[in-house]
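When we follow my numbering, the leftmost residue of the sequence shown carries the number 846, and every step to the right adds one. To keep things clear, I will list the structure first and then write my remarks on it.
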Amino acid sequence: MPFQTFTDNTAAKHQADNLDTLVTILGNRPVLGLSGHTHTTENILTGEYYEGWEQNTGVGPAPFHQIITGSLSGSWWSGSLNDDLVPGANQRIGSPRGYYILNFDESNYVES
846 MPFQTFTDNT
856 AAKHQADNLD
866 TLVTILGNRP
876 VLGLSGHTHT
886 TENILTGEYY
896 EGWEQNTGVG
906 PAPFHQIITG
916 SLSGSWWSGS
926 LNDDLVPGAN
936 QRIGSPRGYY
946 ILNFDESNYV
956 ES
């Protein structure tokens, strides 16, 4: 489940209700939050803010970079079939189903 999400920004059930506690524990460490669950791909930058976050997560602006990776099933295997008879299943905000690649060099990372 995402720490915060702009797709479901006003829904408590799709966000961490104790993010404020995690932020306190993490302190000033560099952090990249990776999550899934929502059948969307989201890239939330530090400092971004959406209505509902403070109420539902205990934190207003995003405290660290967060990437919500999509689901292999996309939008629950829906949509037109491709040549291999696999549904296109674009996710709720239009991202293709599949996977997300991050390349790490110690604590540095690049999204591919």
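For every residue, glycine included, the Cβ atom is placed at its ideal position computed from N, Cα and C. Remember, it's a predicted structure, so these values are computed and weren't measured experimentally.
Does any CB atom of chain C fall closer than 7 Å to the CB of residue i?
i, result
"ASP950", "Considering every chain present, this structure includes no chain C. It has just one protein chain."
Determine the direct distance from the alpha carbon of residue j to that of residue i, and round the result to whole angstroms.
i, j, result
"THR883", "THR852", "8 Å"
"LEU926", "ARG942", "13 Å"
"LEU864", "SER923", "32 Å"
"GLY872", "PHE909", "11 Å"
"TYR895", "GLU887", "13 Å"
"ASP928", "ILE912", "30 Å"
"TRP898", "ILE870", "19 Å"
"ILE946", "GLN900", "32 Å"
"GLU956", "VAL876", "15 Å"
"VAL868", "LEU930", "44 Å"
"ASN948", "TYR954", "5 Å"
Can you tell me whether residue i is buried or exposed, with buried defined as 16 or more other CB within 10 angstroms of its CB?
i, result
"ARG874", "exposed"
"PHE940", "A small fix is needed here, since residue 940 is Ser in this sequence, not Phe. By the 10 Å Cβ count, SER940 comes out buried."
"PHE848", "buried"
"SER916", "buried"
"THR866", "exposed"
What span of residues does the beta strand (DSSP E) with residue i cover, start to end?
i, result
"GLU887", "887 to 889"
"VAL868", "Where VAL868 is concerned, there is no enclosing beta strand (DSSP E), although the alpha helix (DSSP H) it sits in stretches over 864 to 871."
"GLN911", "910 to 913"
"GLU956", "953 to 956"
"ASP950", "947 to 950"
"LEU877", "877 to 880"
Tell me where the alpha helix (DSSP H) around residue i begins and ends.
i, result
"ASN854", "Premise fails: ASN854 is in no alpha helix (DSSP H) and is neither H nor E."
"ASN901", "898 to 902"
> Contact between the region 858 to 868 and the region 928 to 936: three or more CB pairs below 8 Å?
Replying inline: no
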